[in-house]
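Enquirer:
Residue numbers (the UniProt record's numbering): 1 to 1080.
#1: Between the beta-carbon of residue 902 and the beta-carbon of residue 725, is there less than 8 Å?
#2: Which stretch, first to last residue, makes up the alpha helix (DSSP H) that contains residue 793?
#3: Give a yes or no on whether the minimum CB-CB distance between residue 681 and chain C is below 8 Å.
#4: Could you tell me the boundaries of the beta strand (DSSP E) in which residue 1125 lies?
#5: State the Cα-Cα distance for the pair residue 389 and residue 666, rounded to the nearest angstrom.
#6: Specify the secondary structure class of residue 631 as computed by DSSP and reduced to three states.
#7: When you compare the stretch 402-417 with the stretch 157-175, are there three or more beta-carbon pairs, one atom per stretch, that lie closer than 8 Å?
#8: So residue 455 is in the beta strand (DSSP E); what residue range does that whole segment cover?
#9: Is the beta carbon of residue 225 sitting closer than 8 Å to the one on residue 313?
#10: Is residue 587 helix, strand or coil by DSSP?
#11: Do you know how far the Cα of residue 409 is from the Cα of residue 394?
#12: Using 8 Å for Cβ pairs, my map puts residue 478 next to residue 462. What's the rounded Cβ distance?
#13: Could you tell me whether the Cβ atoms of residue 686 and residue 603 are closer together than 8 Å?
#14: Let me know the secondary structure DSSP gives residue 1 once reduced to three states.
#15: Assess contact between the stretch 89-98 and the stretch 357-376, defined as three or more Cβ pairs (one per stretch) separated by less than 8 Å. Is contact present?
#16: Report the option in 1055, 1001, 321, 92 whose CA atom is closest to the CA atom of residue 35.
#17: Just grab the DSSP bridge partners of residue 165 for me.
#18: Span of the beta strand (DSSP E) holding residue 41?
#19: Decide if residue 765 is buried, meaning its Cβ has at least 16 other Cβ atoms within 10 Å, or exposed.
#20: Just list the residues that DSSP pairs residue 199 with in beta bridges.
#21: Where does residue 647 sit, in a helix, a strand or coil, going by DSSP?
#22: Return the CA-CA distance between residue 1032 and residue 1007, expressed in angstroms with no decimal places.
#23: Mind reading off the beta-carbon distance from residue 440 to residue 204? Whole number of angstroms is fine, and I expect it under 8 Å.
#24: Enumerated in chain order, which unbroken segments of the alpha helix (DSSP H) with a length of 4 residues or greater are wholly contained in the stretch 674-749?
#25: According to DSSP, is residue 128 helix, strand or coil?
#26: Do residue 719 and residue 939 have their C-beta atoms within less than 8 Å of each other?
#27: Along the alpha helix (DSSP H) that carries residue 565, what are the first and last residues, could you check?
#28: Taking contact to mean 3 or more Cβ pairs, one atom from each stretch, closer than 8 Å, check whether the stretch 791-811 and the stretch 1036-1050 are in contact.
#29: Name the DSSP bridge partner or partners of residue 63?
#30: Once you ignore the five residues that flank residue 156 on each side, which residues in its own chain have a CB closer than 8 Å to its CB?
#31: According to DSSP, simplified to helix, strand and coil, what is residue 638?
#32: Residue 643 and residue 651 - do their beta-carbons sit closer together than 8 Å?
#33: Between the stretch 579-597 and the stretch 677-684, can you find at least three pairs of beta-carbon atoms closer than 8 Å?
#34: Shortest alpha-carbon distance to residue 417 belongs to which of 614, 710, 183, 941?
#35: CB residue 317 to CB residue 331, shorter than 8 Å?
#36: Are the CB atoms of residue 90 and residue 60 within a distance shorter than 8 Å?
Laid out in C-alpha cells, this is it:
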C-alpha cells in the first residue's frame, strides 16, 4: 500500500505490523501542482545521541522549514515527525490543514524528523545496540532541544510554539505538552493513542464495528470467508486450494509448514482490512478520495461474482490491487521473508527508508509501546490465529534473544507507569481529536477540561488523522466542524496572554519519580531562590517538578487515593464553628491490617502523589517492609487545602504551626475511626519545615504516635539566620578553596562598583538586569535586593547539592560544577565569574521560555517592587506556587523567622543583605501591623513554645509553671479547668490543667545533611535511652535521606537510611511508654 516490503511482493506488511504513521501514507499522495508548492529549506541540527549522557557524541537531525507565512510575531508551528521519513509536502502543501492556519495566523512552519527514521540517523545502522537510543524519552528531548535551538537561531522573542502531530507523533505531542509546557503554548494531538497496552485486541473490535456499521451483510461475509480460510488451512488439500485461489507466495506446499506460517497468512489478511478501515475517507490522497474506503470494499465482497468464500476474500485483494498495483497479484506468505527484511540493520535508501522505518516502528513497539494488534478478544470475524506470541516471537526474531517476553512486558509496564493512560491525561491548551472509524481511537482520551482548554472529542465517521489532511468534497460531514473546533482552540492558544502556560496533567509521563528533568520556569522578574525556598517548595523543588504538579501524576500512581476531610478553622477557639476541607492522599498498597500507619506531613507547597506512589521513596520502602498504611496530609493554606479562597493577612492569621499540628492530630483521630485502626501505631515523617512539624508533633501529641522521622528539621527558630551563609561559605571552601576565594573577591568587587554610576552600568550590562539600575531611583533597598538575589543563586545550588531529587542534582547541579563554572573564567574578570554562576543556574532553572537553551539571553531579576507585587497578590495562582511562596513568607514573618541574612560578620557574601531587608519585606507584603515588634515577638513566643534546638522538649499545657515527672510526658486534656489522674509507670499522679510539664521528647530521629545550610538549626543532643537520635550525614544535602537512592550518591546516605529504618522498627515494635499513659 505504501511501497514497503515490495521485494516480498506484499502491499499489506506495514499495516500488518501495526504501523500507525500518517506521514508515510500521505507521503505517497500525488504531488500538488508544482506551482502551488511552497518553498522549503532543509537543514540539520546537532543532537546528543543520549540526552542523559552527552559524552556519547552527537548526530544530525533533519529539519524542514517553511517561512513563507511568518510575520515576525514569534508564532511557530511544528509538525512532529514519527515512524517514517519526513515528507516535505507536510510543510510545502498549502492545502494541508495546519498550513492553512499558518497562513492565517502568520506562523513559521517546521517539521522535525524522528531519530532513526529517514535521514535522521544517530548511527549509520539500526542494530539493536543502536536502537536502544530510539525511545520516546529521547525523542521528546530531541524536540525540546530543537525548539531551544530554533529560538536562538532565529532570535524568537517570547516565542509561541504550537506543536502538531498525528498518530504516534500525536502521542509524542501530548507527552511533550506535558513534559515541556514552558516551551509551547498549545498542541493539536490528532489520533493520539495514550494508553499503550501490550496486547491491543481492541483494534480488530473497532474494525468489526466499522464493517457492521457500514454493511452488516459485508461484515458477515468477511467473517464467513475468514472462518472458511482458517478451516481449509488445517488440511493439505485446503492449503493447496488457498495457495491457488489466494495466490500465496510461496505456496504452502513450498514451505516446511509450521503454525507460525498460518499465523503469518492471517496477519497479512488482517493487515488488508487494517489498511482499508484505518484510512477510510481520510482524504490523504486521490486514492482515499477516489474510492478506497470501507463502503467500496464491502461492495467488492458482496458483489463478488462467486459464492466461494475464499474467492470472495480474493475479490477484496484484487480490489486493493486496483489502487496499489502488484507486479503479479500474489499475496505474501513468508514469515521468514518478512523477518529477513526486518532484520536488515541498514538504511535502505533506494527504497525510501521504508523498510528501515518498519524496523524502527517494530522496535518502538517491542521495546516500549506494545500495541501489538492481536485477535485475543475472543470470538470475532478475524478468527483466533493472531495471538500475542506471534508478535512477541517476531520481536525476538528481529532484535535478538534479549528482546523477549520478559523485557517486552517489563518495558511496557515501566513505560505505562511513567507515561500513564488516556483516562488520566489532563493538560492545559491541547486538542485531542480522534475519528470514530479509526481502530486506534479506543486508546485516546475523551475527557475535556474546558477551564484548561483541554478539548478531546470523537469525530463521527472519520478515520485515522483525517482532520490533518486537506478538506475535500465528499469527506465525512463531521470533519468540517471538527476542524473549526480545533482552530477555535488554536486561536486561543495563540492569543492567550501567557506564552508559557502552567500545565496540570494526569499522565504518566511524567510520570513516576524519574530522572527526567522538568525545567521550572520561574516568574521572569523574581529571583529563583527567596528565603531559602525554591519554586515548588523545599522538598518538592525538582522532585515535584520533575513530573509536573501533584494533580498531574495520578495516572502514574493509581494506587494513591485522594480525599478530603473536614477540619475546624480554629482549633484554639471552640466557639468558632467554621470548617474547611483538607486534602489527604492515601496508599493502602502495603497495609496488612497491622494497625501501623505512616503519615508524610505536608509543608509549604502542594502535596505530590509520588511521595506515596513511588515505592523507592524511603518512607514507602519502610511502609512495604512493615505493612503500613501510608498517608500524606496537605498543610492548610497550601495546594488545594484552603480554609479561605484567598490569602489575605486576615485569612493567614489561621496559618500557624500550632493550627497545622492540631490539623494533624485531628486527621489521625479521624483516620483511626475511618479505617478502624485499633491501638494504632502512627509514625510521622517530614522533611525541612514539615520535618520540624514532625518533631513538634511528637512532642505536642505523643499519645497519637509511636515515633517520628524529622529530616532536615530546623528546630532553632532564629529570626536572623546568618548561619545559613556561613554554611554556604564553608561548603564552597571545602569543595574548592580557589572557587571560594574567587567568589569572595568577585562579590567584594561587585559591592564596590555598585556604589558608582559607572559601576552600576557595568552591572546592568554584565547581568542583563531587569529592570536595569537607574540613577534616578537608586536606593539602598534596590542594592540590597540585588545582592539578596545574587546570594540566592549560591543558596539554590548548595542547599540541594547531590541530594538526588531529580536528574539535575544527580547530574551537574551541584557545588562542584558551580565552582567549575567560576574557576573556568579568567581570574581577573570578577563580573564574568559571577555571570558564569548565573548562566550555570539558568541552564537548570531559566526564568523565561526565550532563555531556555540560550542562557546568554537570560535576564537577572532586579526589582524589589516586582517581588512585592507578585507575592502581595492574595489570590491562588493556578500552579499554587506563587501562593505557596506567599504562605512561606507569612510563616517566616509571623512565627518561625529563618530570615537568611549576611549579618554574620566577615563573609564572602558581604554585608548587603541585612535583617531589615526582610523585615521591610514582611511589612510590605502583609501590611503595617506586621512590623519588627510583632515579627520578633511572635518569633520569641514560638521559640519558647517549641523549645528550640537545644531544649527540644515535650509539654502538656501552656501554663507558666512546670512540673518534671521523671522522663515522662503528659498531654493537655481537651477540657479546661479540670484535674486529671494520669498513670505514670504504675503510679497515679493528679495533674491540674494549668500545669506545664517539660520532659524529653522520645522516639524521634532527626537526620541532617552536613552540606545543608539548614543543618545549623538542627538539634544534635542525643538521648539514647529515650531514642531521641540526631544524625548528621556527611556530605549530603537538604532532606537527601528522604529521596530514593541513586548511583553515586554520597556514601553516607545508605548507612543513614538504615539507621532511620532501625529506629522506625524500634518505634513499631516497642510499647511506647507515653502511649501507655491513661487519662481517667
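Glycine included, C-beta positions come from ideal geometry on N, C-alpha and C. Please read these numbers as outputs of a predicted model, since none were measured by experiment.
Expert: Inspection of the coordinates gives the following:
#1: As a position in the chain shown, residue 902 is number 902, starting the count at 1. As a position in the chain shown, residue 725 is number 725, starting the count at 1. Taking 8 Å as the Cβ cut-off, residue 902 and residue 725 qualify as a contacting pair.
#2: Here residue 793 corresponds to residue number 793 of the chain shown, with the count starting at 1. Start and end: 780-798.
#3: The chain labelled as chain C is not found in the depicted structure, where only one protein chain is given.
#4: Nothing in the structure corresponds to residue 1125, since the chain is present only between 1 and 1080.
#5: Stepping through the chain shown from its first residue, residue 389 is reached at position 389. Stepping through the chain shown from its first residue, residue 666 is reached at position 666. Using only the alpha carbons, I get a separation of about 54 Å.
#6: Translated into the one-based positions of the chain shown, residue 631 becomes position 631. Reduced to three states, the DSSP call for residue 631 is strand.
#7: no
#8: Residue mapping note: residue 455 aligns to position 455 of the chain shown, counting from 1. Run containing residue 455: 454-459, per the beta strand (DSSP E) assignment.
#9: Here residue 225 corresponds to residue number 225 of the chain shown, with the count starting at 1. Here residue 313 corresponds to residue number 313 of the chain shown, with the count starting at 1. Their beta carbons are under 8 Å apart, which means residue 225 touches residue 313 by this criterion.
#10: Walking along the chain shown from the start, residue 587 turns up at place 587. It is a strand residue.
#11: Numbered from 1 along the chain shown, position 394 holds the residue referred to as residue 394. Numbered from 1 along the chain shown, position 409 holds the residue referred to as residue 409. Each residue's Cα considered, the two are about 14 Å apart.
#12: The residue given as residue 478 occupies position 478 in the chain shown. The residue given as residue 462 occupies position 462 in the chain shown. Confirmed, about 6 Å.
#13: Residue numbering aside, residue 686 sits at position 686 when the chain shown is read from its first letter. Residue numbering aside, residue 603 sits at position 603 when the chain shown is read from its first letter. Contact: yes.
#14: Reading the chain shown from its first residue, position 1 is the one you call residue 1. With a pLDDT of 29 at residue 1, under the threshold of 50, the predicted position of this residue should be treated as unreliable, and no value is reported.
#15: no
#16: Residue numbering aside, residue 35 sits at position 35 when the chain shown is read from its first letter. The residue with the shortest Cα to Cα distance from residue 35 is 92.
#17: Reading the chain shown from its first residue, position 165 is the one you call residue 165. BP columns for residue 165 point to 189.
#18: Numbered from its first residue, the chain shown carries residue 41 at position 41. Start and end: 41-48.
#19: Reading the chain shown from its first residue, position 765 is the one you call residue 765. Answer is exposed; the Cβ neighbour count stays below 16.
#20: In the chain shown, counting from the first residue as 1, residue 199 sits at position 199. DSSP, once it has assigned bridges, lists 372 as partnering residue 199.
#21: Position 647 of the chain shown holds residue 647. DSSP places residue 647 in coil when its eight states are reduced to three.
#22: Working through the chain shown from its first residue, we reach residue 1032 at position 1032. Working through the chain shown from its first residue, we reach residue 1007 at position 1007. So the alpha carbons of these two residues sit roughly 6 Å apart.
#23: Here the question's residue 440 lines up with position 440 in the chain shown. Here the question's residue 204 lines up with position 204 in the chain shown. About 12 Å; that fails the 8 Å criterion.
#24: 689-700, 723-735
#25: Locating residue 128 in the chain shown gives position 128, counting from the first residue. Helix.
#26: Stepping through the chain shown from its first residue, residue 719 is reached at position 719. Stepping through the chain shown from its first residue, residue 939 is reached at position 939. Contact: yes.
#27: Counting from 1 along the chain shown, the entry for residue 565 is found at position 565. Element bounds for residue 565: not the alpha helix (DSSP H) but the beta strand (DSSP E), 561-568.
#28: yes
#29: Locating residue 63 in the chain shown gives position 63, where the first residue counts as 1. Answer is 43, 112, bridged to residue 63.
#30: On the chain shown, position 156 is the one that residue 156 refers to. Closer than 8 Å at Cβ, skipping near neighbours: 74, 76, 150, 850.
#31: The residue labelled residue 638 in the question sits at position 638 within the chain shown. Residue 638 falls in the strand class under three-state DSSP.
#32: Within the chain shown, the letter at position 651 stands for residue 651. Within the chain shown, the letter at position 643 stands for residue 643. Closer than 8 Å, so yes.
#33: yes
#34: The residue labelled residue 417 in the question sits at position 417 within the chain shown. Nearest option by C-alpha distance: 614.
#35: If you number the chain shown from 1, residue 317 lands on position 317. If you number the chain shown from 1, residue 331 lands on position 331. Yes. Within cutoff.
#36: Here residue 60 corresponds to residue number 60 of the chain shown, with the count starting at 1. Here residue 90 corresponds to residue number 90 of the chain shown, with the count starting at 1. No, these two residues do not count as a Cβ contact at 8 Å.
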